[in-house]
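Everything on this sheet refers to the single structure shown next.
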Amino acid sequence: MLTIVSERIAQGFLSGIGVGALFYLYPVMKHIFNDKYRRTFKISEFGEELFKIETIKYLRKGLIYGFLYGAIVGTVIGPFGAVLGI
Numbered sequence: 196m197l198t199i200v201s202e203r204i205a206q207g208f209l210s211g212i213g214v215g216a217l218f219y220l221y222p223v224m225k226h227i228f229n230d231k232y233r234r235t236f237k238i239s240e241f242g243e244e245l246f247k248i249e250t251i252k253y254l255r256k257g258l259i260y261g262f263l264y265g266a267i268v269g270t271v272i273g274p275f276g277a278v279l280g281i
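Residue numbering for the sequence shown follows our numbering, beginning at 196 and increasing consecutively.
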């Protein structure tokens with residue numbers, strides 16, 4: 196029982212980190228590929244600080260969504276996946 200609980204916690208933790216990293220990279224990739232998005236930070240006086248704040252905001256959202264996703268997948272799909280061999 197303890198192994199099942201620890202596996203699900205690890206699954207939630209890893210999915211939280213993975214989804215958080217994807218959300219963190221979203222504004223970075225958007226900044227690289229979208230010139231219009233890049234100009235919004237170049238025009239403003241505190242552009243670098245605003246970009247850092249935006250990336251942290253996306254990282255926070257991604258971690259929250261990732262941990263929720265991991266908890267749901269671990270509790271819903273986990274037992275049925277173990278039975279069905281998924």
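The beta-carbon is built from N, C-alpha and C at its ideal position, and this holds for glycine as well.
If you're wondering where the values come from, they're calculated on a predicted model, not measured in any experiment.
Between the C-alpha atoms of residue i and residue j, what's the straight-line distance to the nearest angstrom?
i	j	result
K247	Y219	10 Å
R255	S210	14 Å
E202	F236	42 Å
E244	T250	10 Å
L217	V223	10 Å
L283	Y264	Within the shown structure, residues of the chain are numbered from 196 to 281, placing residue 283 beyond reach of any answer.
V268	I212	15 Å
Y221	A266	23 Å
F228	Y253	17 Å
Y225	G242	Tyr is not the amino acid found at residue 225; the sequence shown has Lys there. Roughly 15 Å between the two C-alpha positions.
For residue i, count the other beta carbons within 10 Å of its own beta carbon; 16 or more makes it buried, fewer makes it exposed. Which is it?
i	result
V200	exposed
V214	buried
I281	Residue placement at I281 is flagged as unreliable, the pLDDT there being 49, under the threshold of 50; the coordinate-derived value follows with that caveat. Exposed: under 16 other Cβ atoms inside 10 Å.
For residue i, does the three-state DSSP call read helix, strand or coil?
i	result
E240	coil
M224	helix
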